[in-house]
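K.L.:
Have a look at this one.
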Amino acid sequence: EVHTTAFMRSVSLVFGVFAVLLGSVWAVWALAPCVGGASSWRAHEHGEIAATSPLTRFVLWISPLIIASLCLLVSLFAILRGQIHALDPDGDGSTESGFEVVIAEVHAA
1 EVHTTAFMRS VSLVFGVFAV LLGSVWAVWA LAPCVGGASS WRAHEHGEIA
51 ATSPLTRFVL WISPLIIASL CLLVSLFAIL RGQIHALDPD GDGSTESGFE
101 VVIAEVHAA
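The sequence shown: position 7 = 7 (this note's numbering), numbered continuously.
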């Protein structure tokens, strides 16, 4: 049986590693001239996307960084979900997390 906390840590780790990897590859591609980088978003003014607006070209250029940021956000949400929905946090056989107990007490008041 896989516990929610362990699963959420794994999900968080995978999304976190993917975010760092994607952000690093984008940074090398966009900023490092030694590997053919220094690719400015303004450099795409010539070519098949030249007819698009500057904002569209910028969003296309920075989209890998946007995706990396969203993956990092998913990673943070996964680790938080693992902490909130932990199975049997007290070791007494109950499946209620501390958050669910607080909500139940608030509704009872």
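The C-beta atom is built at its ideal place from N, Cα and C for all residues, glycine as well. Only a predicted model underlies this, so the values are computations on that prediction, with no experimental measurement involved.
Please say whether residue 75 and residue 7 have beta carbons closer to each other than 9 Å?
P.N.:
As a first step, residue 7 is located in the sequence shown; it is residue number 7 there, counting from the start. As a first step, residue 75 is located in the sequence shown; it is residue number 75 there, counting from the start. No; because the gap between Cβ atoms is not below 9 Å, this pair is not in contact.
K.L.:
Below 8 Å on the Cβ atoms is my contact criterion, and I expect residue 22 with residue 68 to pass it. Report the Cβ-Cβ distance as a whole number of Å.
P.N.:
The count along the sequence shown starts at 1 and reaches residue 22 at position 22. The count along the sequence shown starts at 1 and reaches residue 68 at position 68. Right, their Cβ atoms sit about 4 Å apart.
K.L.:
Can you tell me which of the three DSSP states residue 52 falls into?
P.N.:
For the purposes of this step, residue 52 is taken as residue 52 along the sequence shown, with counting starting at 1. DSSP places residue 52 in coil when its eight states are reduced to three.
K.L.:
Report the residue from 82, 24 and 107 whose alpha carbon sits nearest the alpha carbon of residue 5.
P.N.:
On the sequence shown, residue 5 is found 5 positions in, with the first residue counted as 1. Taking only the C-alpha atoms, the option nearest residue 5 is 82.
K.L.:
Alpha carbon to alpha carbon, what distance is there between residue 78 and residue 52?
P.N.:
Within the sequence shown, numbered from 1, the residue matching residue 52 stands at position 52. Within the sequence shown, numbered from 1, the residue matching residue 78 stands at position 78. Rounded to the nearest angstrom, the two C-alpha atoms are 37 Å apart.
K.L.:
Compute the Euclidean distance between the alpha carbons of residue 56 and residue 65, then round it to the nearest angstrom.
P.N.:
Counting from one through the sequence shown, the residue named residue 56 turns up at place 56. Counting from one through the sequence shown, the residue named residue 65 turns up at place 65. Their backbone Cα atoms lie some 15 Å apart in a straight line.
K.L.:
Within the same chain, show all residues whose beta-carbon is closer than 6 Å to that of residue 12, passing over the 5 residues directly before and after it, in chain order.
P.N.:
As a first step, residue 12 is located in the sequence shown; it is residue number 12 there, counting from the start. Taken in chain order, the residues that qualify are 75, 78 and 79.
K.L.:
Would you tell me roughly how many angstroms separate the C-alpha atoms of residue 27 and residue 103, rounded to the nearest one?
P.N.:
Taking the first residue of the sequence shown as 1, we reach residue 27 at position 27. Taking the first residue of the sequence shown as 1, we reach residue 103 at position 103. Residue 27 and residue 103: Cα-Cα distance of roughly 44 Å.
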